[in-house]
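Protein chains in written order, with our numbering: chain A, 201 to 316; chain B, 11 to 415. These notes are about the structure you will find just below.
Put into structure tokens, the structure is as follows:
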């Protein structure tokens with residue numbers, strides 16, 4: 201079994217969605233159903249939603265730049281770590297993610313096992 | 011509330027659940043002292059507990075595991091609030107309380123741990139209150155609760171409702187605990203009247219809760235509930251305002267709680283819906299006869315004696331034999347009752363420890379006009395009882411006897 205990081209990009213900002221409590225509630229219910237199912241299959245490891253605010257520190261000078269630093273669609277809005285046999289299965293697991301209902305995208309990346 | 015939180019945190023985090031409830035109550039105390047009490051205080055408390063629960067989850071999620079089946083949902087912010095909210099729905103709270111009942115009444119816990127744990131987690135009694143109710147001190151209760159939590163951990167007792175073949179024996183233990191809890195309130199002579207009422211009320215509330223869940227919706231539950239209702243209907247008539255005992259024959263029947271008697275009748279009918287006849291069925295039927303008889307003299311002793319015979323076949327213990335003997339005495343006279351009691355195995359040993367056997371024999375000797383033996387028994391009963399009211403009743407009886415030659 202391998203580990204995969206699902207990076208959620210774009211999608212409607214969760215905090216902005218709170219303005220319509222009903223939609224927000226419904227959206228959260230979908231996330232819960234999806235993650236509950238992943239948990240039941242033993243595929244779920246962990247993950248969190250991320251706030252839209254952020255800061256980038258870069259270069260040897262450690263220059264601090266305030267976000268938002270990329271275009272809205274590219275902002276990472278959250279992540280999940282899952283277990284899967286291969287990329288194909290990880291993609292298949294991602295297909296149930298509610299972010300697709302909110303015009304977002306999932307980037308699936310395998311955790312690389314570094315050789316000593 | 012502790013039950014709902016335990017459902018979230020897991021039984022291994024029982025202490026955390028209790029802390030969160032305490033925090034919520036503390037918050038309420040502070041809030042309500044400064045501001046007007048909200049229109050719906052219990053809803054307010056529930057929301058506060060919910061928020062405190064989420065705080066506690068965030069604080070602890072990297073150090074401890076929560077309930078196995080939902081810990082991953084509580085660990086992720088995507089699902090934390092939703093999962094907590096779900097467990098605070100009425101139906102889930104009822105489910106959690108039932109899980110808690112089965113946990114507190116688990117056969118792997120010793121009998122002396124079960125009642126304190128039940129009173130603590132399901133009834134929210136303080137340590138001091140439990141100690142007062144069970145006639146012991148705070149240290150003993152603290153120790154028993156500590157050992158109970160330790161046993162839950164070590165024996166891996168699960169916070170769940172048993173299913174399949176496990177259910178029936180586990181329900182039996184629950185019935186026993188609720189029955190003992192009720193008796194603790196109903197019969198304990200030394201305990202403060204208000205605490206005793208609380209104990210009976212708690213036993214009835216938990217039994218009702220059990221009956222409302224599909225798992226507990228069965229004849230024996232209703233039989234136990236019926237038994238409690240019939241007994242409780244006489245609660246206030248058994249004592250005068252000066253805390254003196256009033257015997258059944260002298261009680262004012264019009265003061266018995268009609269509403270509770272009606273409920274007792276309703277539940278005994280529900281109990282009759284199945285095939286099985288449990289000890290609770292028989293005891294409920296006996297107390298129904300007492301409660302429904304128009305007067306003490308018009309009590310149907312023959313029917314009651316028959317019920318005692320059946321009870322004896324199910325549960326042969328000296329106390330049942332003693333009660334049965336008294337009933338036989340109503341039919342065949344006090345001498346027959348005395349004979350019957352004399353035949354109880356190990357009577358001498360029992361009579362040297364428990365006041366009740368002596369008190370009953372003493373009364374029967376009075377009725378048989380044998381004042382010499384009556385004096386002997388009542389004196390011994392007086393030396394053994396721990397209840398002041400009982401002692402006063404016995405000395406009133408002694409005074410009524412003819413002086414010895």
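Where a beta carbon is used, it is the ideal one built from N, C-alpha and C, also for glycine.
| field | Supposed close pair residue 109 of chain B, residue 67 of chain B - CB separation, criterion 8 Å | value | For the purposes of this step, residue 109 of chain B is taken as the residue at position 99 of the second chain. For the purposes of this step, residue 67 of chain B is taken as the residue at position 57 of the second chain. In this structure residue 109 of chain B does not touch residue 67 of chain B by the C-beta definition: roughly 19 Å separates them, more than the 8 Å allowed.
| task | Taking residue 340 of chain B and residue 322 of chain B to be in contact with their CB atoms under 8 Å, please state how far apart those CB atoms are, rounded to whole angstroms. | result | Position 330 of the second chain, counting from 1, holds the residue named residue 340 of chain B. Position 312 of the second chain, counting from 1, holds the residue named residue 322 of chain B. With a beta-carbon spacing of about 17 Å, residue 340 of chain B and residue 322 of chain B fall beyond the 8 Å limit used to define contacts.
| task | Quick one: measure Cβ to Cβ for residue 382 of chain B and residue 414 of chain B, integer angstroms, because I've assumed they're closer than 8 Å. | result | The count along the second chain starts at 1 and reaches residue 382 of chain B at position 372. The count along the second chain starts at 1 and reaches residue 414 of chain B at position 404. The beta-carbon separation of residue 382 of chain B and residue 414 of chain B, rounded to 7 Å, stays under the 8 Å limit for a contact.
| Quick one, which residues of the region 222–239 of chain A are near chain B if we go by CB-CB under 7 Å, in chain order? | Here the close residues are 228, 229, 231, 232, 235, 236, 239.
| task | Given a cut-off of 8 Å, decide if residue 83 of chain B and residue 143 of chain B are closer than it, judged by their beta-carbon atoms. | result | Position 133 of the second chain, counted from the first residue, corresponds to residue 143 of chain B. Position 73 of the second chain, counted from the first residue, corresponds to residue 83 of chain B. For residue 143 of chain B and residue 83 of chain B, no; Cβs fall outside 8 Å.
| So what does DSSP say about residue 236 of chain B, is it helix, strand or coil? | Position 226 of the second chain, counted from the first residue, corresponds to residue 236 of chain B. Helix, per DSSP.
| said: Counting beta carbon pairs with one atom in the region 250–267 of chain A and one in the region 297–306 of chain A, are three or more of them shorter than 8 Å? | reply: Two segments are said to touch when three or more pairs of C-beta atoms, one from each, lie closer than 8 Å; by this definition the region 297–306 of chain A does not touch the region 250–267 of chain A.
| query | Relative to chain E, which residues along the region 60–83 of chain B have a C-beta separation below 7 Å, given in chain order? | reply | Checking the listed chains, one finds no chain E in this structure; the protein chains it contains are A and B.
| Less than 8 Å separating the beta-carbons of residue 378 of chain A and residue 86 of chain B? | Residue 378 of chain A lies beyond the residue range present for chain A, which begins at 201 and ends at 316; the question has no answer from this structure.
| Chain-ordered residues of the region 241–254 of chain A with a beta carbon less than 7 Å from chain B | Within the region 241–254 of chain A, contact with chain B at the beta-carbon level (separation under 7 Å) is assigned to 244, 246, 247, 248, 249.
| said: Bridge partners for residue 265 of chain A per DSSP, in chain order? | reply: In the first chain, the residue the question calls residue 265 of chain A occupies position 65. Residue 265 of chain A is bridged to A:256.
| request: Measure the beta-carbon distance from residue 102 of chain B to residue 14 of chain B and round it to whole angstroms, keeping in mind my assumption that it falls under 8 Å. | output: Counting from one through the second chain, the residue named residue 102 of chain B turns up at place 92. Counting from one through the second chain, the residue named residue 14 of chain B turns up at place 4. 7 Å between Cβ atoms; contact.
| Contacts that residue 87 of chain B makes with chain A (C-beta to C-beta distance below 7 Å) | By one-based count along the second chain, residue 87 of chain B stands at place 77. The answer, in chain order, is 248, 249.
| Can a CB atom of chain A be found closer than 8 Å to the CB of residue 150 of chain B? | On the second chain, position 140 is the one that residue 150 of chain B refers to. Taking Cβ atoms only, chain A never reaches closer than 8 Å to residue 150 of chain B, which makes this a no.
| said: Against chain A, does residue 128 of chain B count as a neighbour if the rule is that its beta carbon must be under 8 Å from one of theirs? | reply: On the second chain, residue 128 of chain B is found 118 positions in, with the first residue counted as 1. Taking a beta-carbon distance threshold of 8 Å, residue 128 of chain B does not count as an interface residue toward chain A.
| message | Can you list, in chain order, the residues of its chain with a C-beta nearer than 6 Å to that of residue 279 of chain B? Leave out the 5 residues immediately preceding and following it. | response | Taking the first residue of the second chain as position 1, residue 279 of chain B is located at position 269. Same-chain partners within the cutoff: there are none.
| said: Can you check which of these residues, A:219, A:205, A:232, A:273, is closest to residue 89 of chain B by C-alpha distance? | reply: Counting from 1 along the second chain, the entry for residue 89 of chain B is found at position 79. It is A:232.
| field | Sufficient close CB pairs (3 or more, under 8 Å) joining the region 216–234 of chain B to the region 171–182 of chain B | value | By the Cβ criterion, the region 216–234 of chain B is in contact with the region 171–182 of chain B, since at least three pairs of Cβ atoms, one from each stretch, lie closer than 8 Å.
| message | Can you give me the C-alpha to C-alpha distance between residue 364 of chain B and residue 395 of chain B, rounded to a whole angstrom? | response | Your numbering for residue 364 of chain B matches position 354 in the second chain. Your numbering for residue 395 of chain B matches position 385 in the second chain. If you take the alpha carbons of residue 364 of chain B and residue 395 of chain B, they lie about 7 Å apart.
| task | Quick one: using the 10 Å Cβ neighbour count with 16 as the cut-off for buried, is residue 121 of chain B buried or exposed? | result | What you label residue 121 of chain B is simply residue 111 of the second chain in a count that begins at 1. So residue 121 of chain B ends up on the exposed side.
| In terms of residue numbering, what span does the beta strand (DSSP E) encompassing residue 248 of chain A cover? | Here residue 248 of chain A refers to the residue found at position 48 when the first chain is read from its first residue. Here the beta strand (DSSP E) through residue 248 of chain A covers 244–249.
| said: Determine, for residue 93 of chain B, whether the minimum Cβ-Cβ distance to residues of chain A falls below 8 Å. | reply: One-based indexing of the second chain puts residue 93 of chain B at position 83. Residue 93 of chain B counts as touching chain A.
| query | Got a sec? Which residues, its chain only, sit under 8 Å from residue 248 of chain B by beta carbon, not counting five neighbours each side? | reply | Position 238 of the second chain, counting from 1, holds the residue named residue 248 of chain B. Excluding residues within five positions, the ones whose Cβ falls inside 8 Å are 255, 256, 261.
| Do residue 318 of chain B and residue 296 of chain B have their CB atoms nearer than 8 Å? | Along the second chain, read from residue 1 onward, the residue named residue 318 of chain B stands at position 308. Along the second chain, read from residue 1 onward, the residue named residue 296 of chain B stands at position 286. Yes, they are a contact pair.
| field | alpha helix (DSSP H) runs contained entirely in the region 140–202 of chain B, provided each spans 4 or more residues | value | Listed in chain order, they are 148–164, 177–197.
| Residue from A:219, A:264, A:266, A:235 with nearest C-alpha to residue 293 of chain A | As a position in the first chain, residue 293 of chain A is number 93, starting the count at 1. Comparing Cα-Cα distances from residue 293 of chain A to each of A:219, A:264, A:266, A:235, the minimum goes to A:235.
| query | Where residue 240 of chain B and residue 378 of chain B are concerned, what is the direct C-alpha to C-alpha distance, given to the nearest angstrom? | reply | Translated into the one-based positions of the second chain, residue 240 of chain B becomes position 230. Translated into the one-based positions of the second chain, residue 378 of chain B becomes position 368. Their backbone Cα atoms lie some 30 Å apart in a straight line.
| field | Entirely enclosed alpha helix (DSSP H) segments - the region 222–280 of chain B, minimum 4 residues | value | With a minimum length of 4 residues, the continuous alpha helix (DSSP H) runs that stay inside the region 222–280 of chain B are 229–243.
| Candidates B:154, B:406, B:392, B:58: closest to residue 119 of chain B by CA position | Taking the second chain and counting its residues from 1, the one referred to as residue 119 of chain B is at position 109. It is B:154 whose Cα lies nearest to the Cα of residue 119 of chain B.
| said: Using the Cβ count rule (16 or more neighbours within 10 Å means buried), how would you classify residue 368 of chain B? | reply: Numbered from 1 along the second chain, position 358 holds the residue referred to as residue 368 of chain B. Sixteen is the threshold: when 16 or more other Cβ atoms of the shown chains lie within 10 Å of the Cβ of residue 368 of chain B, as they do, the residue is buried.
| field | Residue closest to residue 233 of chain B, alpha-carbon to alpha-carbon, out of B:258, B:45, B:242, B:288 | value | Position 223 of the second chain, counted from the start, is the residue given in the question as residue 233 of chain B. Taking residue 233 of chain B as reference, the option from B:258, B:45, B:242, B:288 with the minimal CA-CA separation is B:288.
| message | One question on the structure: do residue 344 of chain B and residue 366 of chain B come within less than 8 Å of each other, judged by their Cβ atoms? | response | By 1-based counting over the second chain, the position of residue 344 of chain B is 334. By 1-based counting over the second chain, the position of residue 366 of chain B is 356. No; because the gap between Cβ atoms is not below 8 Å, this pair is not in contact.
| request: Only counting runs of 4 or more residues, tell me where the alpha helix (DSSP H) segments fall wholly within the region 16–64 of chain B, in order along the chain. | output: Counting whole runs of 4 or more residues, the region 16–64 of chain B contains the alpha helix (DSSP H) stretches 24–44.
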